[in-house]
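Protein chains in written order, with the numbering used here: chain D, 5 to 247; chain V, 17 to 299.
Just so you know, even glycine gets a beta-carbon here, dropped at the ideal spot from N, CA and C.
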Ligand SMILES: Nc1ncnc2c1ncn2[C@@H]1O[C@H](COP(=O)(O)OP(=O)(O)O)[C@@H](O)[C@H]1O
Ligand SMILES: [Mg+2]
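Structure representation (structure tokens):
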């Protein structure tokens with residue numbers, strides 16, 4: 005059974021159909037990469053999986069449980085999923101370490117000293133141990149993004165959602181963050197992410213999905229979707245992005 | 017697109033959400049009715065209730081007093097509207113003065129800070145007395161001597177110090193990156209304030225600002241001490257006839273009736289404009 009099973013999901017904003025009969029299976033330990041033009045619905049899909057948006061139809065199952073059922077406890081579901089946003093979304097009024105330890109302490113009831121130790125360990129892992137007591141505003145973009153990844157990881161999520169996490173970073177830091185994600189994959193983390201870094205996608209993805217106007221147009225291993233795309237829209241997108 | 021039909025599962029979910037919403041409404045309705053009945057029974061069964069009802073809730077007396085009290089209220093409304101405009105202007109000016117950077121503005125900053133300190137600290141009644149009785153007593157030529165004008169001036173001076181602090185809090189809550197982004201586009205300090213910072217600041221402080229104006233509406237009655245006949249004073253004159261206090265209750269109801277639409281209107285405007293955190297999804 006898949007860890008994440010998305011079946012026939014539909015999502016609209018007013019008259020704008022953003023996801024249309026979208027289906028996707030993500031196995032445990034798998035890394036699935038979403039690609040597609042800006043506005044094709046990648047972020048919305050990730051937000052739906054994290055229950056930050058309510059789907060208009062269809063089912064999303066995590067670990068065999070229908071998480072789109074209105075009767076489930078959405079906070080419980082979310083606390084088992086890590087999400088990292090394009091714009092970091094760190095809490096500006098908390099130090100980096102407090103950003104990381106907020107959920108463990110408040111949601112998971114981890115004792116403060118344990119949470120802090122674990123938070124520091126996480127920050128060390130993303131190379132930010134020295135910045136633990138800084139405010140997010142005093143960090144560079146790359147540092148903020150790594151802090152956001154640490155914040156998502158500290159909950160030991162079953163699934164990580166990553167939304168163009170390197171789009172705002174300078175090239176040197178892109179490498180660092182991508183290395184971090186590769187490590188995560190090696191550790192067996194299940195990841196669903198969208199990116200414009202095709203070399204990275206090629207390298208890390210088990211499955212690549214090409215989204216076009218809210219539809220899953222083409223999917224398969226990188227060697228197929230990136231090297232030998234069958235759909236004209238995919239070919240055109242890849243040609244444009246490689247220029 | 018148009019060929020989409022909700023699945024059976026989705027219909028069931030929608031029905032469930034609706035039934036939850038209905039249940040919430042029902043619970044709210046029932047608990048409200050129960051509370052009102054309990055309070056009514058508790059109050060109605062007290063020994064003094066018949067007398068209280070006669071003295072405070074005499075429908076006939078209330079109806080009689082209504083025109084006079086309403087006329088007084090019309091003065092409150094006018095005072096409140098004119099003062100509100102002046103207060104916003106003065107309060108905003110003070111707030112901007114306090115947030116100006118650079119050594120050259122030091123005197124302005126100090127003035128604004130001192131002003132707020134003084135007028136926030138002085139009891140409103142005292143300011144009304146000082147201006148309403150003190151200034152006319154100076155017998156300066158060219159100054160108006162109607163009580164209502166000096167009473168209004170006292171309201172403006174006091175309330176603009178509150179409102180200035182509300183605006184300042186709003187201005188300072190706008191993230192520095194917003195200023196940076198605006199300046200990076202070539203906008204001047206003034207333009208940044210005018211087109212980027214203030215619009216965000218004002219939206220954020222709308223509810224506390226409204227608080228101050230509702231409060232102003234009630235405090236506008238204090239100028240009655242200068243001999244002006246507002247709603248409360250009119251009610252007082254009415255009660256003096258037969259010691260029935262119903263006119264006060266009438267004045268109170270009219271004040272509440274004025275406030276509620278104002279609050280709802282502001283909420284509605286703010287929500288329609290998406291001022292309360294627009295496009296936020298379901299969380
Ligand atoms: N909160 C929202 N309200 C209205 N429309 C939205 C909202 N979020 C996204 N959209 C629309 O949904 C479409 C897909 O957006 P998004 O999922 O962000 O695309 P991507 O991440 O692939 O660039 C876009 O047309 C966008 O305008
Ligand atoms: Mg996006």
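Check	Outcome
Could you tell me how far apart the beta carbons of residue 265(V) and residue 78(V) are, in whole angstroms, since I believe they sit closer than 8 Å?	7 Å
Please name the residue or residues paired with residue 248(D) in a DSSP beta bridge.	Nothing in the structure corresponds to residue 248(D), since chain D is present only between 5 and 247.
Within its chain, find whatever has a CB closer than 8 Å to the CB of residue 29(D); leave out the 5 residues flanking it on each side and keep chain order.	6, 8, 9 and 10
On a Cα-Cα basis, can you pick out the residue from 34(D), 15(D), 198(D) and 12(D) that is closest to residue 191(D)?	34(D)
Per DSSP, residue 135(D) forms a beta bridge with which residues?	Per DSSP, none; premise fails for residue 135(D).
Roughly how many angstroms separate the alpha carbons of residue 301(V) and residue 148(V), rounded to a whole number?	Residue 301(V) lies beyond the range of chain V shown here (17 to 299); nothing can be said about it.
For residue 15(D), verify whether its CB is less than 6 Å away from any heavy atom of ligand 2.	no
Tell me residue 15(D)'s beta-bridge partners as DSSP assigns them.	23(D)
Going by C-alpha to C-alpha distance, which of 54(V), 270(V) and 50(V) sits closest to residue 85(V)?	270(V)
Of all Cβ atoms in chain D, is any one closer than 7 Å to the Cβ of residue 32(V)?	yes
Select from 208(V), 277(V), 178(V) and 196(V) the residue whose C-alpha is nearest the C-alpha of residue 111(V).	178(V)
If I follow the unbroken alpha helix (DSSP H) through residue 37(D), where does it start and stop?	Note, residue 37(D): premise wrong, no alpha helix (DSSP H); beta strand (DSSP E) at 35 to 40.
Assign residue 183(V) to buried or exposed, taking buried as 16 or more other Cβ atoms, counted over all protein chains shown, within 10 Å of its Cβ.	buried
Measure from the alpha carbon of residue 165(V) to the alpha carbon of each residue in 180(V), 181(V) and 145(V), then state which is nearest.	145(V)
Interface residues of chain D around residue 26(V) at Cβ under 8 Å?	60, 61 and 62
Apply the 10 Å Cβ neighbour rule to residue 211(D) and answer buried if 16 or more other Cβ atoms are within range, or exposed otherwise.	buried
When the cut-off is 7 Å and only beta carbons count, does residue 74(D) lie next to chain V?	yes
Do residue 44(D) and ligand 2 come close, with the Cβ less than 6 Å from some heavy atom?	no
Tell me whether residue 47(D), by its Cβ, gets closer than 6 Å to a heavy atom of ligand 2.	yes
Would a C-beta distance cut-off of 7 Å place residue 111(D) and residue 123(D) closer than the cut-off?	no
Determine the direct distance from the alpha carbon of residue 15(D) to that of residue 295(V), and round the result to whole angstroms.	Any reading at residue 295(V) must be qualified, since the residue scores a pLDDT of 49, below 50, and its modelled position is unreliable; the value itself is stated next. Taking the straight line from one Cα to the other gives about 15 Å.
Could you tell me if the beta carbon of residue 22(D) falls within a distance shorter than 6 Å of some heavy atom in ligand 1?	yes
Less than 7 Å between CB atoms is the rule here; does residue 200(V) satisfy it with respect to chain D?	no
In the DSSP assignment, find the beta strand (DSSP E) that holds residue 66(D) and state where it starts and stops.	61 to 66
For residue 217(V), count neighbouring Cβ atoms within 10 angstroms of its own Cβ and tell me buried if that reaches 16, exposed if not.	buried
I want to see whether chain D comes within less than 7 Å of residue 69(V), judged by CB atoms only; does it?	no
Nearest to residue 136(V) by CA position, among 117(V), 113(V), 180(V) and 169(V), is which residue?	180(V)
For residue 123(D), does the three-state DSSP call read helix, strand or coil?	helix
Could you work out which residues of chain D lie near residue 23(V), taking near to mean beta carbons separated by less than 7 Å?	61
Using a Cβ-Cβ cut-off of 8 Å (strictly less than) and excluding sequence neighbours within five positions of residue 236(D), which residues of its own chain qualify?	none
Within 7 Å (strictly less), CB to CB, does residue 288(V) reach chain D?	no
Under 7 Å between C-beta atoms, does residue 29(V) make it to chain D?	yes
Under 7 Å Cβ-Cβ, which residues of chain D neighbour residue 20(V)?	14
Determine the burial state of residue 150(V): buried for a count of at least 16 other Cβ atoms within 10 Å of its Cβ, exposed for fewer.	exposed
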